[in-house]
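Residue numbering for the sequence shown follows the working numbering, beginning at 610 and increasing consecutively.
Idealized CB from N, CA, C, for every residue including glycine.
I have placed the structure first, in the form of C-alpha cells, so that the comments after it can refer back to it.
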Amino acid sequence: MNLNMKKIRTRFAPSPTGFIHIGNLRSALYAYLIAKSQGGDFILRIEDTDQMRLVPNAEKIIYDVLKLANLRYDEGPDKPGEYGPYVQSQRKEIYHDKAFELIRNGGAYFCFCQKSDIAESKDKLHRGYDRKCRNLDENQVKKNLESGMKFVIRQKMPLEGKTSFTDTVFEQITIDNSELEDGILLKSDGMPTYNFANVIDDHMMHITHVVRGCEYLTSTPKYNLLYKAFGWEIPEYVHLPLIMGKNSDGSVTKLSKRAGSVGFEELIQDGFLPEVIVNYIAFLGWCPKTNREIFTLSELTKEFSTQRIRKSPAIFDYLKLAWLNNEYIKNKTPKEFAEIIKVYLKNNLFDAVKIAKILQSRVSKLSEIPELIDFIYEIPKFSKELFINKKSKTNFENALVILENALESLKEIQSWTNDKIYNTILQVAEKLNLKNSAIMWCIRISVSGKTVTPGGASEILDILGKIESINRIENALNMLKGIKG
Ligand code: GLU
C-alpha cells in the first residue's frame, strides 16, 4: 500500500511514572501535530509493563496533563477504538502469541538461563548475554518447557552485517549487528519488555509515524529487525533532539531540576499557563518559517511540518518561557485574567477584575501574584522612612501636608472611580504646588506600606474602596504626626 494514501496515525506512549517530563510532553505535542496537520489520528497508549515502577494515580496524571495541554486523542484507554486495549498490561496475551510466533519463524528463542547463571559473552565481537540457549536443540527446549522451567524469550540478532534506517530528523543511522545483544522480549512473568511491546503495538495499532526522544535512536535498528522478522512494514521515525536546560547563571546543561521545573504539572504550579507551555515546547526542536513566536495549538497545527525539526539540542530557557507567559497574560481581557487569578486571591472583598488589570503588565508567572497583592488584604507594618523619596522630593514634613490635603479632598469624592481619584490627586498637587509624583508617592506608601506596587496610587485606592483607603491614609497620618510630636 502506498504510504501516502494511509491515514496518518501517531501515538503518545507514556509510562505511568506519576510525572510528565516536558520532553515527554514535547513528544506528545509533536505526535499530535504531525497527525492533526495531516488529518490523522492521535492515539494514547499507556506503557505500564514495568510493574516495579508503577505509581498509584499515575495514569490519572497522564489524562489530566493531556487535558490541560488540550491534546485530545482519538483513541486511548478511556476512549476505546478499533485497536485496543490501549494499556499494555491488558495486552499480555497478544505479546505472548507474537513472541511464540517469532520463535516459530526463527526471530527469537527460549532462554532458560537463571539470573545467577547468565554469563557475559566472552566473544569479543558480540555483546551482552553469551547466547547459551540460542542453539539449544528442539528436544531439550521441549523437555525444559514440559518440566515447567522458567524462561524468557530473547531476540535472535544477526551476528554479522549492519542494520540501517533513515530517521526523518537524524537521517541515516547505521549500526553493526555485532553490537546488538540478544535482548529479552518477553520476561519470565509473561510481561513484554518495552523493546518488544513498542513494535507489536505500533504495528497492531497501525501507527504510521513513531515520534519519540532521540534516546531511542540507537535501539531502533533492533526494533526494525523485529519488524523484518514479522514481515511488517517499518513506520516512519521522527526522533526528537535532546533538551538542554539554561541555568540561572546562563550555562547550559542537560535539562534537570537544577535549572528549574522539568515537569508539566510543576510548571503549572510555578504559574505558567498551560497554553504557554505548549506554545513554548513546540519550539524545542522546531521553528516556523517566520520569526513569529506566539501560536495557539490550532495555529501550530497549521504551521507544523517535520521538515523544520532540528537535530541539534534544544535549549529550555525559563526566562524566555516567563517572557512568553507575560505576553499571553497581557493579551487576555481583564475579565479572562481575573478568572485565572481567582485562586491566588485571599478573599473576594476586592474586585478581581480591577486587581487583574493592575497585574497584567507586571506578572510573568502567576505564582508571583500573592506577594504582589498581599498589601491589598492586609497592609504590612512599615517604616516612616518610606515617605522619604529623593526623586519625588518628599520628606516627613511635606508628606504630612500632602496626606492632610489628600485626605480632605478624597473624603469629598462621591462616586469612587479611578478617574475621579486620579483627578483629585492632580488637584491636590496643583494646590500644593508639588509634583504629581510626590502626592502619588505618599498615598501609595500610606495605603500599601510598600515602595513598589502593581498599579498606581489611584488604581490602588479604587480597588481598596473609599472607606478602607481613607482609613489607611488616616493611620499613616497619625504615624507621621507621631514623629513630629
Ligand atoms: N514508554 C516510553 C517512554 O515513556 C515511550 C517511548 C516511545 O514513545 O516509544 O519513554
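Beta-bridge pairing by DSSP links T1003 to N998. The C-beta separation of D657 from V696 comes to about 6 Å, placing the pair in contact by the 8 Å criterion. The straight-line gap separating the alpha-carbon atoms of R901 and R917 is approximately 14 Å.
The secondary-structure analysis by DSSP pairs T772 across a beta bridge with I784.
Between K796 and V761, the CB-CB gap stays under 8 Å. For I938, the uninterrupted alpha helix (DSSP H) run begins and ends at 927-940, by DSSP. For F925, the CB contacts under 6 Å within the same chain, skipping 5 residues up- and downstream, are I852, G854, L864 in chain order. At a threshold of 7 Å, R821 counts as near the ligand GLU, since its beta carbon sits closer than that to one of the ligand's heavy atoms. Beta-bridge partners assigned by DSSP to W895: I918. The C-beta distance from N1045 to A1038 rounds to 5 Å, short enough to fall under 8 Å. Here the distance from the Cβ of A728 to the nearest heavy atom of the ligand GLU is not below 7 Å.
Residue nearest to S992 within the set P623, E874, M661, N1087 is N1087 (criterion: CA-CA distance). Ranked by Cα distance from L849, the options I1069, L634, G1074, E1083 are led by L634. In this structure, DSSP gives A640 a helical state, which the three-state scheme calls helix.
Runs of alpha helix (DSSP H) with 4 or more residues, each lying fully within the region 645-682, are found at 667-677, listed in chain order. Non-local C-beta neighbours of T626 in its own chain, meaning closer than 7 Å and more than five positions away in sequence, comprise R662, V664, A667, ordered along the chain. Contact check between the region 1052-1069 and the region 981-989: three or more CB pairs, one atom from each, fall below 8 Å, which counts as touching. The beta carbon of V871 sits closer than 7 Å to the beta carbons of H630, I631, L864, S865 from its chain, once the five residues preceding and following it are set aside; these are given in chain order. Sequence-distant partners of T772 (beyond 5 residues in either direction) whose C-beta falls short of 8 Å from its own C-beta, in its chain, are T783, I784, N786, L789, P830, K831, N833, L834.
Checking the DSSP bridge columns, you'll see Y846 partnered with V819. For the pair H812 and I617, the CB atoms are not nearer than the 8 Å cut-off.
The way I'd put it, the region 879-886 does touch the region 927-939; three or more beta-carbon pairs between them come closer than 8 Å. Within the model, the alpha-carbon separation for S828 versus R821 is close to 12 Å. For R700, there is no enclosing alpha helix (DSSP H), as DSSP marks it with neither H nor E.
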